[in-house]
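Report on one structure; see the data block that follows.
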Amino acid sequence: MVFSYYPGCTLRTRAKELDEKARKCAEALGITLEEIPDWQCCGGCYPVASDEIATRLSAVRALMAAKSEERPLVTLCSACHNVLKRTRHDLQTDETFRDRVNRYMGNDPVYAGEGEVIHFLEMLRDKVGFDTIRAAVKNPLTGRRIAAYYGCLLLRPSGVMAFDDPENPTVIEDFIRALGAESVAWSMRNECCGSYMALEDKGIVERKSGSVLANAKAQGADTVITACPLCLYNLQKFGGQDLPVVYFTELLYEALGL
Amino acid sequence: MQVNEEKFEPTIVAFCCNWCSYAGADLSGTNRLQYPANVKIIRVPCSCRVNPMFILRAFQRGADGVILCGCHPGDCHYTTGNYFTRRRMTLLFSMLEFLGIEKERTRLEWVSAAEGAKFAATMNDFVATVTKLGKNRRLEDLRCKK
Amino acid sequence: MEQNNLKETLLRISGVNPRKCMKCGKCSGTCPSYDEMEYHPHEFVSMVENGETEKLMASPSLYRCLTCFACVERCPRGVQPAKLIEAVRLAVIRQQGMNHLKPDQLPDMLDEDMPQQALVSAMRKFAK
Amino acid sequence: MQRIGVFVCWCGSNIAATVDVKAVAEALGKEPGVVYFEDYQYMCSEEGQTKLQNAIRDYKLTGAVVCSCSPRMHEATFRKAAAKAGVNSFMVEIANIREQCSWIHKNKEEATEKAIILGRAAIAKVHLNAPLTAGESPVTKRALVIGGGIAGIQTALDIADAGFEVDIVEKKPTIGGKMSQIDKTFPTLDCAACILTPKMVEVAQNEKIRIFSYSEVDKVQGFVGNFSVSIRRKARFVDEVKCTGCGLCTEKCPQKKVPNEFNLGLDQRRAIYIPFAQAVPKVATIDPDYCTMLKTGKCGVCSKICTAGAIDYKQKDSFIEEKYGAIVVATGFNPIELNKYDEFAYSQSPDVITSLEFERITNAAGPTGGTLLRPSDGEHPKKIVFVQCVGSREDGSGCGKTYCSKICCMYTAKHAMLTREKYPDTEVYVFYIDVRTPGKSFDEFYRRAVEEYGVHYIKGMVGKVIPQGKKLMVRASDLIDRKQLLIDADLVVLAAAIEPDKSARPLATMLTASMDTNDFFTEAHPKLRPVESPTAGIFLSGCCQGPKDIPETVSQASACAAKVIGLLCRDKLTGNPCVAHSDELMCNGCSTCEKVCPYGAITYQDKEFRMPDRTMRTRRVASVNPAVCQGCGACTVACPSGAMDLHGFSNSQIMAEVDAICK
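Residue numbers (the working numbering), protein chains in the order written: chain U, 321 to 578; chain P, -6 to 139; chain H, 4 to 131; chain X, 10 to 672.
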């Protein structure tokens, strides 16, 4: 299977090794990720106001590039995923936005949000299948107690993201079990880590990430995995717990024995 | 011609459902609320009893306007009758417009048994509108005139 | 901007109808930033409805919302407070010289490992 | 040709002041078919009615038009008078020249002219009138009650008290419903079992009442007074007659790991079980999903142990056909599923429970013997948080309900109060949006919880419940103190919204009874006929119509019984003769009318017709049941071939009125 791939800014620079590992994992599972040409940064966070058009254009371009290849667009970063999926939803449902975008970009025929956007996790769940992964695992992570951290961007708003149950998601837990580890039940997994506050007010992030990791630790986790580079940074740097936090693809890389 | 038009008195047929609108019309009478004598009411059990044929017949026989009154949506005595009416009349009225019967000559209005004032106001407005439009000749069947 | 016009603009660009709010306080009960804020999600909703936008626009609370959408997800009436907070913040930073975050402040805030994502997001949230 | 008499009423000066009644009478006298005309001061008076009757006799009238006040006032009066004089009452038509003419016009000339036109329209209609007689149908003097909760029990008892036979169909193995699971009842705090179980026994002992437990309604045919119902008696693999209810089998059955639904899965029962000690009928039931014998054919312990020989592994579902005059729906409610509300961690922690589960763990017959213990570790909770309005009062875009579930405020106050009374060292918090306690002694009850028992009522909502170690961290807002709270609770109780039982929707289809978007049955009139369905002969009792507490349910159940008794008392039902009928020669059996009929009055029959070439052909034609038809006329307009028509408001009659007005 070949999918279009949108790496995003962070995975292209600071978190290069996460990107490399993800690609290697994908290949090991029989998937080729083809980077879309000339992609631009999605902007990091989705502009909520309905009159913000220009700030959503880079996402539109990425969507159109994938559409022209007629392949699903895979993202590895939750933030990119959130922006792309929500922009795609706007194109499908908000007539004013669709009109203005198409007129500005001079699209002919009109682009109305066709094509699929999936997160790497969705790709593993829906396209590869956790059973296939379970079979491909060479170093099962037996005995590990891993807590799945979703954060906000993967799940919310659930009506648009349609990723998983927003309050009781299971995809990362299923992923953890497929790798042979035990998943930890904890409920701070969909609470905010402090996000972009990392720049301005580290105190807030310390409090948010701190309470997240405290809950994971109290529930008996030995590792926390995330699907967002910013969550990863915040939890690692400000979590204040002696608890390893890793990207989900790192775990996959390890389990696949690469 | 000028003089004639000023004196023009339209013929208006009003179909009222027995449970809401007919009672609403009675109430506007009880409250002595005036509306023109051009309006003649025909009582039907439910607005959904009004066959499009009745409306066509009225225009054929020289009516200048036809108004249909029923219970408010959700209040139908027969639960769903006025929903049928609403859909049916939307289609009929646009078809009539296509045939040249101006949209203003047909009207569907929800009047409850408590809305005597609304009934009178609606009729006043409708008669004024139809009077302005003048005589309806579009569908009139001359064979019907003796 | 005139007060009424401003309210209308806020409601339009956010798509929020504050009258749907039944004042249950679940948004503020779930907000991770509650203690960092002077005005809380439910107060944004009622204060915009009551035309008290000036107080909100002057408040640092605007820059404490994490846009985590927990209030939007959990509101039983579908009010979407986070969208309203963003609209008020935009009403401030869209004015001349009102950027909350300026590029020359950035170097001091950065460290080696901070992902670009944080930088881009914060600039998008707090500056025009 | 009809012989029509015209009677113009003055109504004192009400009509005569604005309408020249003499001119109207004379003008209408010239209409074809009119053989007599008269005007009189008060037609509705004794004298006026006599005039009508005399004219009928003297001039051999076949029909009459009375120009007077609205038919809503005196149509019945004149029709009755005419009937006494020997003219079918449906041969009388009213021209409304008061409310719709004299009272709204000032110009006498205009009003007189309009009155004449209205009179003409009425005459044109009478020409096409035909005598109508209301159909009669017999009444089967037996009622069916669907659902054996407190609503069904009360309705059944009241109907039986009036001397009529009643059958109760209950889908569970025992009657009793939700009330049997409740511990205490507000606002008096008497124990639910103490007031319910005597009623259950009363039902069992009443000679007029039969209980079909573990049974479901399978098919309903017929109409008011004449329903024919097929009841499926599900195989319980135990002979109901032989079983003595000794309960030995339920102790010896080796399959012990069956979630006990009576205790909402908080403990386990055996594969053969009696739901609870006071069950009625007290008969064991084998759960086929868990019974080893039924699944693998290897076990048979219960059969060996049963001295009465009641066990029958070969039992099959059986059907009972019975006739009923009235059907009562009492299908009740259930708390909603909470799996979409996991911000409260319901599926993540056993210590987050619903209010009904809380009832079970405070009930002496419940899994903990009535001691308040946490489901996770069996310890006493020291801090309990109650969350109100979980899934109620939402905007409809999510998974919740738009309505207020009505009972939660009161039972939460009850739970909080009882907890504080029994365990004064327990801190109790109640998070509310509004406290809604209308009802006799209800608000006093809630205030007592606050003032005497020191329950902490906090205006605000819980946003997130975080299980952490042995604690449940509850993050919530306190709107009045402008604080966000973080409470380390031991137990969280969710007041889940209530919704109609899932069996209600298919049942409504069977009964052709209408429902609202929430699957509550709709009433014939929300204020004036609250216990009847718009479908004649179907009555509503309890929560199937809307959320209700026990006192309200019982009053509604008795009101419902009164309506049923009123129906069953009658020997014959007289219908409304203004009903639809189909011309079988024109009907092409397309089913369009059946789809628009809100009452299910139209069915199809295969009938033999003689063709022009003298061969016989079978065709499918519509047939209207006049006892069920309410005469709205929806079918007459929907019918593409024009076969459907309505007595009293036929196509030709309305056309004639249109013609008369537009002349």
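Backbone N, C-alpha and C fix where the C-beta goes; we use that ideal spot for every residue, glycine too. Model, not experiment: these values are computed from the prediction.
### Message
Please report whether the beta-carbon of Glu52 of chain H lies at a distance below 8 Å from any beta-carbon of chain U.
### Response
no
### Query
Which same chain residues, not among the five before or five after Arg445 of chain U, have their C-beta less than 8 Å away from its C-beta?
Val491, Asp494 and Phe495
### Message
Check whether chain P comes within 8 Å of Met209 of chain X, counting only Cβ atoms and requiring the distance to be less than that.
### Response
no
### Query
What's the C-alpha gap between Glu436 of chain U and Val123 of chain H?
25 Å
### Query
Grouping DSSP H, G and I as helix and E and B as strand, with all else coil, what is Asp525 of chain X?
coil
### Task
State yes or no: is the beta carbon of Met508 of chain U nearer than 8 Å to at least one beta carbon in chain X?
yes
### Close-in-space but distant-in-sequence residues of the same chain around Gly584 of chain X (CB under 6 Å, 5 per side omitted)
Ala143, Gly144, Pro635 and Ala636
#### Entry: Glu211 of chain X: first and last residue of the uninterrupted alpha helix (DSSP H) it sits in
Ala201 to Gln214
### Query
Does DSSP put Ile149 of chain X in a helix, a strand or coil?
The displayed chain sequence assigns Thr, not Ile, to residue 149 of chain X. Thr149 of chain X: coil per DSSP, three-state reduction.
### Task
May I have a chain-ordered list of the beta strand (DSSP E) segments no shorter than 3 residues that lie completely inside the segment 400 to 454 of chain U?
437 to 439
### Task
Could you tell me if Ile65 of chain X is buried or exposed, where buried requires 16 or more neighbouring beta carbons within 10 angstroms of its beta carbon?
buried
### Message
Can you list, in chain order, the residues of its chain with a C-beta nearer than 8 Å to that of Tyr223 of chain X? Leave out the 5 residues immediately preceding and following it.
### Response
Glu179, Lys180, Lys181, Pro182, Arg242, Lys243, Arg245 and Thr294
### Query
For His43 of chain H, which three-state DSSP category applies?
coil
### Query
Based on Cα-Cα distance, which residue from U:Ala534, U:Gly577, U:Ala575 and U:Leu578 lies nearest to Pro564 of chain U?
U:Ala534
### Task
Whole angstroms is fine: what's the gap from Ile113 of chain X's alpha carbon to Leu20 of chain P's?
10 Å
### Span of the beta strand (DSSP E) around Ile2 of chain X
Given that chain X is displayed from residue 10 to residue 672, the structure contains no residue 2 of chain X and the question cannot be resolved.
### Query
What is the DSSP secondary structure of Leu494 of chain X, reduced to helix, strand or coil?
strand
### Query
Is the Cβ-Cβ distance between Phe99 of chain X and Pro140 of chain X less than 8 Å?
yes
### Query
Taking Cβ positions only, does Pro476 of chain X come closer than 8 Å to chain U?
yes
### Message
Rounded to whole angstroms, what is the Cα-Cα separation between Gly559 of chain U and Leu495 of chain X?
### Response
20 Å
### Query
What residues of chain H sit near Lys266 of chain X, judged by a beta carbon separation below 7 Å?
Within chain H, no residue comes near Lys266 of chain X; the closest Cβ sits about 36 Å away, beyond 7 Å.
### Closer than 8 Å to chain X by CB, Gln539 of chain U
yes
### Task
Measure the CB-CB distance between Val396 of chain X and Phe454 of chain X and report whether it falls below 8 Å.
no
### Message
Could you check whether Lys187 of chain X and Leu427 of chain X sit closer than 8 Å to each other, using their CB atoms as the reference points?
### Response
no
### Message
Against Gln119 of chain H, what residues of chain U qualify as contacts under a CB-to-CB distance less than 7 Å, listed in chain order?
### Response
Cys329, Thr330, Thr333 and Arg334
### Message
Measuring straight from C-alpha to C-alpha, what distance separates Ser239 of chain X and Cys13 of chain P?
### Response
39 Å
### Query
Quick one: does the C-beta of Val471 of chain X sit closer than 7 Å to a heavy atom of the ligand COA?
Annotation note on the ligand COA: not contained in the displayed structure, which lists no ligands.
### Exposure of Leu113 of chain H, with buried meaning 16 or more beta-carbon neighbours within 10 Å
exposed
#### Entry: Continuous beta strand (DSSP E) assignments of at least 3 residues falling wholly in the segment 332 to 373 of chain U
352 to 355
### Query
Candidates X:Glu118, X:Ala91, X:Cys641 and X:Lys123: which alpha carbon is nearest Asn105 of chain X's?
X:Lys123
#### Entry: Interface residues of chain U facing Glu39 of chain H [CB-CB closer than 9 Å]
Met517, Asp521, Gly523, Ile524 and Arg527
#### Entry: Spatial neighbours of Glu47 of chain X in its chain, beta-carbon cut-off 8 Å, leaving aside the 5 residues before and after
Gly14, Val15, Phe16, Val17, Ala34, Lys60 and Ala64
### Query
If you measure beta-carbon to beta-carbon, which residues of the segment 480 to 511 of chain X are closer than 7 Å to chain H?
Arg484, Ala485, Ser486, Leu488 and Gln493
### Query
Is any beta-carbon of chain X found at less than 8 Å from that of Asn129 of chain P?
no
### Query
Using 8 Å as the Cβ pair cut-off and three pairs as the minimum, do the segment 497 to 511 of chain U and the segment 465 to 478 of chain U touch?
yes
### Task
State the Cα-Cα distance for the pair Pro268 of chain X and Lys313 of chain X, rounded to the nearest angstrom.
24 Å
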